[in-house]
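Q: Got a structure for you, written out below as structure tokens; questions coming shortly.
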Amino acid sequence: GQQVMQIPQYQHVQEGEDFTTYCNSSTTLSNIQWYKQRPGGHPVFLIQLVKSGEVKKQKRLTFQFGEAKKNSSLHITATQTTDVGTYFCAVTNNDYKLSFGAGTTVTVRA
Amino acid sequence: DGGITQSPKYLFRKEGQNVTLSCEQNLNHDAMYWYRQDPGQGLRLIYYSQIVNDFQKGDIAEGYSVSREKKESFPLTVTSAQKNPTAFYLCASRSRYVRTGGEKLFFGSGTQLSVL
């Protein structure tokens, strides 16, 4: 299946600081989706990126799709305790097979 | 209240036993998925179904089986052939907007399976 590498695996952030997590593929992607899973919960859809170079914002979250459509990033500004959880990227291998990255687990120091 | 319902929340399996995890959705979605999540790890695809009476193996299908007799239901059976079944199992269905190409997965709350 299509492989996506997510880095870093863990991110320990001081409350109020910014951080970025990355998702990289060796092949061109048709689109990329991002999900968030809170501790003890299930993944919840955040956003889908489709166009080359696309940038979308959701409050303090900024999502970007690379120009070559082989990588994506999620940047969170002014981290809050509500940002704790694991962030996954997901890509479509064929039209229906959706594969997930290993995730970035975020913890926040108050 | 629309959504995906997984049951049971916790399940225990004895050696050599087959167990079935339930997944029901009332979102009228065609595509459904089963993922396995091990502690501290990502989601690995077990099986997926594009439409009723059709399903395909994912990346880790060995030791698992599924059926899709109804649009609303996509049960997963963990057979005795799965030697390391302890994990968190997540079911999902996919919404797709043909006009825009947008899509997203809706997940159930999961089933934690443990071996006695």
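Protein chains in written order, with the numbering used here: chain A, 61 to 170; chain B, -15 to 100.
In this text, a Cβ means the ideal position worked out from N, Cα and C, and glycines have one as well.
Select from A:Leu158, A:Phe123, A:Lys129, A:Glu127 the residue whose C-alpha is nearest the C-alpha of threonine 137 of chain A.
A: By one-based count along the first sequence, residue 137 of chain A stands at place 77. Comparing Cα-Cα distances from threonine 137 of chain A to each of A:Leu158, A:Phe123, A:Lys129, A:Glu127, the minimum goes to A:Phe123.
Q: Can a CB atom of chain B be found closer than 7 Å to the CB of phenylalanine 162 of chain A?
A: On the first sequence, position 102 is the one that residue 162 of chain A refers to. Note that residue 162 of chain A corresponds to alanine in the displayed sequence, not to phenylalanine. Interface residue, yes.
Q: Going by beta-carbon coordinates alone, are serine 77 of chain B and methionine 16 of chain B separated by less than 7 Å?
A: Looking up residue 77 of chain B in the second sequence gives position 93. Looking up residue 16 of chain B in the second sequence gives position 32. Contact: yes.
Q: Locate the beta strand (DSSP E) running through arginine -3 of chain B, then write down its first and last residues.
A: The residue you call residue -3 of chain B lines up with position 13 of the second sequence. Segment -6 to -3, the beta strand (DSSP E) holding arginine -3 of chain B.
Q: Is phenylalanine -4 of chain B close to chain E, meaning its C-beta is less than 7 Å from at least one C-beta of that chain?
A: Among the protein chains in the structure shown, which are A and B, there is no chain E.
Q: I'd like the ranges of any beta strand (DSSP E) spanning at least 3 consecutive residues and lying wholly in the region 101 to 134 of chain A.
A: Segments of the beta strand (DSSP E) lying fully in the region 101 to 134 of chain A: 104 to 109, 115 to 118, 121 to 125.
Q: I'd like to know if the region 45 to 57 of chain B and the region 143 to 161 of chain A are in contact, where contact means that at least 3 CB-CB pairs between them fall below 8 Å.
A: In short, these stretches do not touch, since the Cβ pair count stays below three.
Q: Taking the alpha carbon of cysteine 149 of chain A as the reference point, which residue from A:Ser112, A:Pro99, A:Gly126, A:Tyr95 has its own alpha carbon closest?
A: The residue you call residue 149 of chain A lines up with position 89 of the first sequence. Checking every option, the nearest Cα to that of cysteine 149 of chain A belongs to A:Tyr95.
Q: Is it buried or exposed, proline 69 of chain B, if we count other Cβ atoms within 10 angstroms and call 16 or more buried?
A: One-based indexing of the second sequence puts residue 69 of chain B at position 85. Proline 69 of chain B is buried by the Cβ-count criterion.
Q: Could you check whether the Cβ of phenylalanine 72 of chain B sits closer than 7 Å to any Cβ belonging to chain A?
A: Looking up residue 72 of chain B in the second sequence gives position 88. Judged by the 7 Å Cβ criterion, phenylalanine 72 of chain B is not in contact with chain A.
Q: Is there at least one Cβ from chain A nearer than 7 Å to serine 93 of chain B's Cβ?
A: For this step, residue 93 of chain B is matched to residue 109 along the second sequence. Yes, serine 93 of chain B counts as interfacial toward chain A.
Q: Grouping DSSP H, G and I as helix and E and B as strand, with all else coil, what is aspartate 38 of chain B?
A: Counted from its first residue, the second sequence places residue 38 of chain B at position 54. Strand, per DSSP.
Q: Using a Cβ cut-off of 7 Å (strictly closer), state whether glycine 86 of chain B contacts chain A.
A: What you label residue 86 of chain B is simply residue 102 of the second sequence in a count that begins at 1. Yes, because at least one Cβ of chain A sits closer than 7 Å to the Cβ of glycine 86 of chain B.
Q: Can you give me the start and stop residues for the beta strand (DSSP E) that isoleucine 44 of chain B sits inside?
A: Residue numbering aside, residue 44 of chain B sits at position 60 when the second sequence is read from its first letter. Isoleucine 44 of chain B -> no beta strand (DSSP E), and no H or E assigned at all.
Q: Give me the Cα-Cα distance between glutamine 34 of chain B and phenylalanine 90 of chain B, rounded to the nearest whole angstrom.
A: Mapped onto the second sequence, residue 34 of chain B falls at position 50. Mapped onto the second sequence, residue 90 of chain B falls at position 106. Glutamine 34 of chain B and phenylalanine 90 of chain B: Cα-Cα distance of roughly 15 Å.
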